[in-house]
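**Student:** According to this note's numbering, the sequence shown is numbered sequentially starting from 4. Dropping the structure in here first, questions after.
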Amino acid sequence: MRMYDIIEKKRDNRELSKAEIDYFISEYSKDNIPDYQASALLMAIYFNGLTESELLNFTFAMRDSSKKIDLSSLKIPGKYIVDKHSTGGVGDKVTLIVLPIVAALGVGVCKMSGKGLGFTGGTADKLESIEGYRIDIPIKDALKQVQDIGICLMSQSDEIAIADKKLYALRDTTATVECMDLIASSIMSKKLASGADKILLDVTVGSGAFMKDLDSARALAQSMIKIGKVAGVETKVVITSMSEPLGRNVGNALEMKEVISFLLADEETIMSDEFRDLREVVLEIAAQMISMSGICTDMEQNKKDIIRVIISGEAYIKFIELIKAQGGKTEKVYLDWLEKDLDLPVTKDKVTFLKEIHAQSSGYIVSIDSKSIGEALVCLGGGRKKKGDPIDYAVGFEFNKKVGDKVEEGDVILTVLYNDKQNFEEAFEYIENAIYIDNIEDKLGNALRLKPHVLDILGADE
Numbered sequence: 004m005r006m007y008d009i010i011e012k013k014r015d016n017r018e019l020s021k022a023e024i025d026y027f028i029s030e031y032s033k034d035n036i037p038d039y040q041a042s043a044l045l046m047a048i049y050f051n052g053l054t055e056s057e058l059l060n061f062t063f064a065m066r067d068s069s070k071k072i073d074l075s076s077l078k079i080p081g082k083y084i085v086d087k088h089s090t091g092g093v094g095d096k097v098t099l100i101v102l103p104i105v106a107a108l109g110v111g112v113c114k115m116s117g118k119g120l121g122f123t124g125g126t127a128d129k130l131e132s133i134e135g136y137r138i139d140i141p142i143k144d145a146l147k148q149v150q151d152i153g154i155c156l157m158s159q160s161d162e163i164a165i166a167d168k169k170l171y172a173l174r175d176t177t178a179t180v181e182c183m184d185l186i187a188s189s190i191m192s193k194k195l196a197s198g199a200d201k202i203l204l205d206v207t208v209g210s211g212a213f214m215k216d217l218d219s220a221r222a223l224a225q226s227m228i229k230i231g232k233v234a235g236v237e238t239k240v241v242i243t244s245m246s247e248p249l250g251r252n253v254g255n256a257l258e259m260k261e262v263i264s265f266l267l268a269d270e271e272t273i274m275s276d277e278f279r280d281l282r283e284v285v286l287e288i289a290a291q292m293i294s295m296s297g298i299c300t301d302m303e304q305n306k307k308d309i310i311r312v313i314i315s316g317e318a319y320i321k322f323i324e325l326i327k328a329q330g331g332k333t334e335k336v337y338l339d340w341l342e343k344d345l346d347l348p349v350t351k352d353k354v355t356f357l358k359e360i361h362a363q364s365s366g367y368i369v370s371i372d373s374k375s376i377g378e379a380l381v382c383l384g385g386g387r388k389k390k391g392d393p394i395d396y397a398v399g400f401e402f403n404k405k406v407g408d409k410v411e412e413g414d415v416i417l418t419v420l421y422n423d424k425q426n427f428e429e430a431f432e433y434i435e436n437a438i439y440i441d442n443i444e445d446k447l448g449n450a451l452r453l454k455p456h457v458l459d460i461l462g463a464d465e
């Protein structure tokens with residue numbers, strides 16, 4: 004069998020056999036197929052897509068490209084092990100908030116997270132913005148950690164779905180990220196290899212996501228639900244909006260600081276406008292995980308319990324346990340509003356320059372182009388332009404205003420933190436037209452501010 008023939012066949016939009024797909028995945032995993040040939044096949048798939056049979060074979064071949072995790076040591080009678088994954092977006096720090104919350108409520112989680120892909124951020128990169136945090140830990144150590152503290156957050160292991168890990172990095176630098184079939188097979192191969200009883204997926208939609216419209220997001224969701232069904236693993240999907248950056252911070256260390264602020268919030272703060280979009284998504288995802296685990300199927304009660312463990316500090320304590328368990332450096336800091344010392348993660352947040360972006364006119368912020376903000380972050384050094392690029396963890400954006408907020412000419416709407424002036428000039432080309440202000444009626448501005456961020460739920464209970 005020749006790789007040339009496989010590329011040619013898919014280029015001509017003919018269906019690949021299971022044997023051909025198995026050959027490609029197996030040989031590429033062993034480094035017997037060069038990146039340039041793998042890139043050619045990925046591009047052919049990008050343009051022609053995969054048939055249903057090809058998609059299943061591609062997914063299962065990647066799942067089986069190395070060993071699967073055995074989570075039997077974590078099984079508790081009456082409970083299911085639930086894995087969570089997001090298709091990614093700009094400012095998406097949901098995993099970092101949700102996992103400590105559900106762990107504090109009794110849901111054991113052993114999660115593998117990826118690095119940034121294209122213009123979207125990666126949970127692994129955010130974790131590595133903490134001094135000393137070990138994202139690469141052996142599976143046996145990860146399982147022991149879950150037994151001890153109920154939570155582990157690590158990068159995709161070389162021991163699990165190795166073909167996907169290699170293709171994931173290649174897609175990031177060959178303009179083949181935004182392909183529904185490749186997204187579906189990538190996510191599901193990892194999740195199925197991770198050994199969970201059930202899978203909860205957050206499919207993001209909008210300018211800052213790979214799916215640009217709701218129909219496409221639903222199609223991706225249904226594709227992954229079907230893969231899960233064939234594999235015998237219950238799969239549920241929450242579709243969330245990424246039409247503007249999620250939360251108020253974009254950038255690895257900056258997003259980690261927002262995670263900390265969220266988990267340390269009191270009742271008034273957690274229910275305030277500051278966390279409106281992030282709170283809605285976190286509550287839904289966390290409540291669904293608790294329900295799927297078998298602990299409590301009453302979604303409203305789950306959401307009350309989530310707020311309770313945030314306000315009580317239990318979720319933050321679990322977060323700090325996670326950081327310390329994986330080598331993350333912390334320091335005692337006195338917090339005035341809490342009137343006590345707390346352990347805070349030490350982040351790689353040193354920046355040289357700060358630039359405020361001002362509103363050029365008065366009115367309401369009608370839209371913020373998430374993709375442009377994500378591309379600007381890559382320009383600043385907060386994402387990768389090519390495979391293996393180092394990350395500047397400190398750079399990013401703080402949004403002083405969000406969609407639906409009223410602004411006056413001259414108001415600060417965005418603050419840019421950066422370390423290289425030339426990088427800023429490149430990033431500014433994306434920033435300057437990313438935020439659209441218009442003089443619309445107050446009623447419409449308020450409607451934009453209150454628009455929902457959880458758009459649909461598909462799967463077992465639909």
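We put the CB at the ideal spot given by N, CA and C, even for glycine.
Is it buried or exposed, S56, if we count other Cβ atoms within 10 angstroms and call 16 or more buried?
**Tutor:** exposed
**Student:** Measuring alpha carbon to alpha carbon, tell me which of I310, E247, L99 ends up nearest E271.
**Tutor:** Per the Cα distances, I310.
**Student:** When burial is assigned at 16 or more other CB atoms within 10 Å of the CB, is D73 buried or exposed?
**Tutor:** exposed
**Student:** With a CB to CB cut of under 6 Å and the five nearest residues on each side skipped, what residues in its chain are close to E412?
**Tutor:** A362, S364, S365
**Student:** Do you know offhand how far I189's Cα is from D445's?
**Tutor:** Rather than Ile, the amino acid found at residue 189 in this sequence is Ser. Their backbone Cα atoms lie some 44 Å apart in a straight line.
**Student:** Which complete beta strand (DSSP E) runs does the segment 38-102 hold, if anything under 3 residues is left out?
**Tutor:** 85-89
**Student:** How close, in whole Å, do the beta carbons of V97 and V240 come, if the pair is a contact with beta carbons under 8 Å?
**Tutor:** Not really, about 14 Å apart at Cβ, beyond 8 Å.
**Student:** Are the CB atoms of K129 and E258 nearer to each other than 8 Å?
**Tutor:** yes
**Student:** Pick out whichever of I9, D205, K168 has its Cα sitting closest to the Cα of L223.
**Tutor:** D205
**Student:** Per DSSP, what are the beta-bridge partners of F356 in this structure?
**Tutor:** Y421
**Student:** So, do the segment 289-308 and the segment 341-358 have three or more beta carbon pairs nearer to each other than 8 Å?
**Tutor:** no
**Student:** Could you give the distance in angstroms between the alpha-carbon of K215 and the alpha-carbon of R221?
**Tutor:** 11 Å
**Student:** Given a cut-off of 8 Å, decide if T207 and G109 are closer than it, judged by their beta-carbon atoms.
**Tutor:** No, the pair does not count as a contact, with Cβ atoms beyond the cut-off.
**Student:** Where does V240 fall in DSSP's three states?
**Tutor:** strand
**Student:** Helix, strand or coil for C382, going by three-state DSSP, please let me know.
**Tutor:** helix
**Student:** Taking the alpha-carbon of G211 as reference, which of V180, S116, E317, G94 has the nearest alpha-carbon?
**Tutor:** G94
**Student:** If we call anything under 8 Å between Cβ atoms a contact, is V410 one with L451?
**Tutor:** no
**Student:** Can the beta-carbon of A199 be found closer than 8 Å to that of D86?
**Tutor:** yes
**Student:** Out of curiosity, what's the CA-to-CA distance linking D346 and P37?
**Tutor:** 47 Å
**Student:** Which residue from S69, I288, D34 puts its Cα closest to that of S192?
**Tutor:** S69
**Student:** Classify Q291: buried if its beta carbon has 16 or more other beta carbons within 10 angstroms, exposed otherwise.
**Tutor:** Q291 should be labelled buried.
**Student:** Please report how far the alpha carbon of N449 lies from the alpha carbon of F427, in whole angstroms.
**Tutor:** 33 Å
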